[in-house]
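A short worksheet on the structure shown next.
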Amino acid sequence: MTQRIAFQGELGAYSHEACRDARPDMEALPCASFDEVINAVRTNKADLAMLPVENTTYGRVADIHRMLPESGLRIVDEAFVRVHISLMAMPGVQIEDLELVRAHPVLIPQAGDFLNRYGIKGEAAADSAGAAIDVAKAQETKIGVLASDLAAEINGLHILARHIEDHAHNTTRFLIMSREADHVRRGDHGMMTTFVFQVRNIPSALYKAMGGFATNGVNMTKLESYMVGGSFSATQFYADIEGHPDDPAVQRALDELDYFTDMLEILGTYPRDPRRD
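Numbering (my numbering), first residue to last: 741 to 1017.
What follows is the structure, encoded as structure tokens:
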């Protein structure tokens, strides 16, 4: 066991924050891409992968749903991170000294009210934590960064304002993935099961396939479709349900789903995070 958990981004990224909160006893391993994160676990450089799947403001993370089934990894946990945005700069710099702030493009509009109030322009950066690293290295005094408190802590930057996001609900959901599945019941808030499937080419197949969950009282919290294999007719579905595959109701629903599918693969069974409520 390496006792490492891999994530995409620089140290101080929100994904790093997710790693620290969910697995504080593990070393966080930064990676340049989601593919690199997955490969780190496949090649035993890390034990776990922390992958963002959706955000309450911007929806699902591009390509993740396609990558999960292809990864060969299994979901063992979920984690939620409230995206708090802080304005940071070099020690001694005041807000009035700043000419612009750098951040990932999705963060700048989320702090639009604050930036407009102070007349500060936003400039897109590839990565907010990376922008914090650059400002600290260059000792910039006219440029600030929008990022997490963790990015300021790691890079020795001074936080000028905390929680400046326009909306209080912005949250990212992450999946923690491992080389091996863990179907043991655990946690105090029930279990979740995630799976992907392709329906058979028959009339009303999706409608009929979903009927088993309704008649058995199984709550489906997510159902999304995406194309596979470059074909408009080859549609794959990604679903999250509450419950464990061994629950009688879930068993019956999955058996019914299986009848109407050409492919059904369970990606993981894991504890339901209480922050869902």
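For each residue, glycine too, the CB sits at the ideal point set by N, CA and C.
Quiz item: What is the DSSP secondary structure of Thr955, reduced to helix, strand or coil?
Solution: helix
Exercise. Just the C-alpha distance for Ala758 and Gly752, rounded to the nearest angstrom, thanks.
Key: 10 Å
Quiz item: Which whole-angstrom value is the C-beta distance of Met828 and Val885, which I expect to be below 8 Å?
Solution: 5 Å
Quiz prompt | 6 Å CB neighbourhood of Gly927 in its chain, flanking five on each side removed | solution = Pro1011
Practice problem: Would you mind working out which of Gly896, Ile860 and Glu863 sits nearest Lys877, comparing C-alpha positions? | Solution: Gly896
Quiz item: What is the residue span of the beta strand (DSSP E) that Leu748 lies within?
Solution: With the sequence shown as reference, residue 748 is identified as Gln, and Leu is not the correct amino acid for it. Run containing Gln748: Arg744 to Gln748, per the beta strand (DSSP E) assignment.
Practice problem: Assuming Gly749 and Pro770 form a contact by the criterion Cβ under 8 Å, report the distance between their Cβ atoms to the nearest whole angstrom. | Solution: 6 Å
Self-check item: Cβ neighbour criterion (16 or more within 10 Å) applied to Tyr978
Solution: With 16 or more Cβ atoms within 10 Å of its Cβ, Tyr978 is classed as buried.
Quiz item: For Glu818, does the count of other Cβ atoms within 10 angstroms reach 16, so buried, or fall short, so exposed?
Solution: buried
Quiz item: How many Å lie between Met931 and Asn959 at the Cα?
Solution: So the two alpha carbons sit approximately 12 Å from each other.
Quiz prompt | Reduced DSSP secondary structure (H/G/I, E/B, other) of Glu905 | solution = Coil, per DSSP.
Self-check item: Cβ-Cβ distance between Gln850 and Glu905 below 7 Å
Solution: yes
Self-check item: Reference Glu880, options Asp1002, His898, Asp889 and Thr796, closest by Cα
Solution: His898
Exercise. Look at the Cβ atom of Phe820, then the Cβ atom of Arg992, and state whether they are nearer than 7 Å.
Key: Contact check for Phe820 against Arg992 fails: the beta carbons are separated by 7 Å or more.
Quiz item: Relative to the C-alpha of Ala869, which residue among Leu855, Asn856, Leu900 and Ile825 is closest?
Solution: It is Ile825.
Exercise. Could you round the C-beta distance between Asp787 and Thr742 to whole angstroms and report it? I think they count as a contact, below 8 Å.
Key: Going by Cβ atoms, the distance from Asp787 to Thr742 rounds to 5 Å, so yes, they are a contact pair.
Quiz prompt | Cα-Cα separation between Phe935 and Val823, rounded to whole angstroms | solution = 27 Å
Quiz item: Looking at the structure shown, is Phe774 part of a helix, part of a strand, or coil, going by DSSP?
Solution: Three-state result, Phe774: helix.
Exercise. Pull up the distance between the alpha-carbon of Arg806 and that of Gly799, whole angstroms please.
Key: 15 Å
Self-check item: Close beta carbons around Asp995, own chain, < 8 Å, minus the five adjacent residues each side
Solution: Gly952
Quiz prompt | Nearest-angstrom beta carbon gap, Ala843 and Gly862 [assumed within contact, 8 Å] | solution = 7 Å
Quiz item: Can you tell me the Cα-Cα spacing of Lys785 and Asp922, whole angstroms?
Solution: The C-alpha of Asp922 is placed about 20 Å away from the C-alpha of Lys785.
Exercise. Look up Gly1008 in the DSSP assignment and say whether it is helix, strand or coil.
Key: The answer is strand: DSSP assigns Gly1008 an E or B state.
Quiz item: Do Ala789 and Val801 come within 7 Å of each other at the CB atom, strictly closer than that value?
Solution: no
Quiz item: Should Asn910 go down as buried or exposed, given a rule of 16 or more other Cβ atoms within 10 Å for buried?
Solution: buried
Practice problem: For Arg902, count neighbouring Cβ atoms within 10 angstroms of its own Cβ and tell me buried if that reaches 16, exposed if not. | Solution: When all chains shown are included, Arg902 counts as exposed.
Self-check item: Supposed contact pair Gly983 and Val1071 - C-beta distance, whole angstroms, cut 8 Å
Solution: No information on residue 1071 is available, as it lies outside the stretch 741 to 1017 that the chain covers here.
Practice problem: At 4 residues or longer, and completely inside the region 887-941: list those alpha helix (DSSP H) runs for me, N to C. | Solution: 889-895
Quiz prompt | Through-space distance from Arg919 to Ser888, alpha-carbon basis | solution = 29 Å
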